[in-house]
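Step one of this worksheet: look at the structure below.
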């Protein structure tokens, strides 16, 4: 498992602990950030229900199988979990990425990406909301800095994460009266197996963009594998989830916070110029 870190008791403040075995659904706790988040929330006294196609190997995690691209399947499993436990919250960690030029990208690929990254998150929120409205709770979506800064030749991923951020803002407005807080955590480059699951188009598919796609994909892979560990990101996810007054959107790490602040100030063309330099375009 990528970057698994043991949670030490001193990392957990008295305010963050809970004496209740309230259940948190994590969509995608079988690996990466989702796995590390499950580890930390178990340490804070929560019961964890994992929804994924492969099981989470952590002890005390209850596994359920569902495909996030199938709304009926996801809703059915969330309803089952709610009937079996005191459901307190949802953390959505599922994601898919692809390196391809817009001009030649296959519709089936970018539609699948949006099904996982955006519509999967939407389905999860819609399915969990009726259960959380009974007593309040938390919803947290793991977004990405890619929704703020476009990732070269991963435009569909960036677009889906920008859409997720807007969905979170809208959901917070609608659900806050029911004492449900909705947040998004935006990691930057994170060292997980996600890097090696990215669908990267080959030279034939990329045609006249081939060299540029190769460079951009290599830079992105280096950025991720040299970035924060999954454990570091998961600690922030757990902290936000447990916060009494959680932020709406928050970036992981000081550099990402700085970049996000700069993006709000700099002209759009300046931000794009910086991105081109980062991805060697």
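Numbering (our numbering), first residue to last: 119 to 399.
Backbone N, C-alpha and C fix where the C-beta goes; we use that ideal spot for every residue, glycine too.
This structure is a prediction, so every number in the text was calculated from the model and none was measured.
Distance, Cα to Cα, residue i vs residue j?
i	j	result
residue 292	residue 330	42 angstroms
residue 207	residue 281	21 angstroms
residue 200	residue 334	43 angstroms
residue 191	residue 385	44 angstroms
residue 180	residue 354	23 angstroms
residue 319	residue 160	39 angstroms
residue 163	residue 356	12 angstroms
residue 134	residue 167	Confidence at residue 134 is low in this model, with a pLDDT of 42, below 50, so its placement is unreliable and no value can be given for it.
residue 396	residue 337	8 angstroms
residue 203	residue 256	15 angstroms
residue 205	residue 182	15 angstroms
residue 157	residue 173	14 angstroms
residue 189	residue 238	8 angstroms
residue 170	residue 150	13 angstroms
residue 253	residue 360	16 angstroms
residue 209	residue 328	36 angstroms
residue 251	residue 362	17 angstroms
residue 226	residue 321	19 angstroms
residue 243	residue 352	20 angstroms
residue 249	residue 388	45 angstroms
Once DSSP output is grouped into helix, strand and coil, what is the label at residue i?
i	result
residue 140	coil
residue 264	helix
residue 396	helix
residue 164	coil
residue 288	helix
residue 145	strand
residue 313	helix
residue 187	coil
residue 218	coil
residue 203	coil
residue 379	helix
residue 180	strand
residue 241	helix
residue 249	helix
residue 255	strand
residue 390	helix
I'd like the list of long-range same chain contacts for residue i, defined as Cβ closer than 6 angstroms, with 5 residues on each side in sequence excluded.
i	result
residue 213	235
residue 165	139 and 141
residue 228	274
Quick one: what's got a C-beta closer than 7 angstroms to residue i's C-beta in the same chain, skipping five residues either side?
i	result
residue 283	261, 265, 302 and 367
residue 129	Legend: pLDDT at residue 129 = 41, less than 50; position of this residue unreliable, value from coordinates given subsequently. No residues qualify anywhere along the chain.
residue 369	263, 304, 375 and 378
residue 276	264, 265, 268 and 269
residue 358	258, 301, 303, 364, 365 and 368
residue 152	144, 146 and 211
residue 332	none
residue 184	169, 191, 192 and 195
residue 339	313
residue 371	306 and 346
Looking only at its own chain, which residues have a Cβ that is under 8 angstroms from the Cβ of residue i, when we skip the five neighbours before and after it?
i	result
residue 342	307, 308, 309, 310, 312 and 313
residue 344	307 and 309
residue 178	160, 165 and 166
residue 398	333, 334 and 337
Assuming residue i contacts residue j (C-beta within less than 8 angstroms), just tell me the rounded distance between them.
i	j	result
residue 186	residue 241	7 angstroms
residue 155	residue 211	7 angstroms
residue 325	residue 222	6 angstroms
residue 294	residue 245	Not quite, the Cβ-Cβ distance comes to about 19 angstroms (not below 8 angstroms), so this is no contact.
> How do the segment 300-317 and the segment 269-288 stand: do at least 3 beta-carbon pairs fall below 8 angstroms, yes or no?
Replying inline: yes
> Do the segment 342-349 and the segment 220-235 touch if we need at least three Cβ pairs shorter than 8 angstroms?
Replying inline: No: fewer than three Cβ pairs fall under 8 angstroms.
> Three or more beta-carbon pairs under 8 angstroms between the segment 215-224 and the segment 272-280, yes or no?
Replying inline: yes
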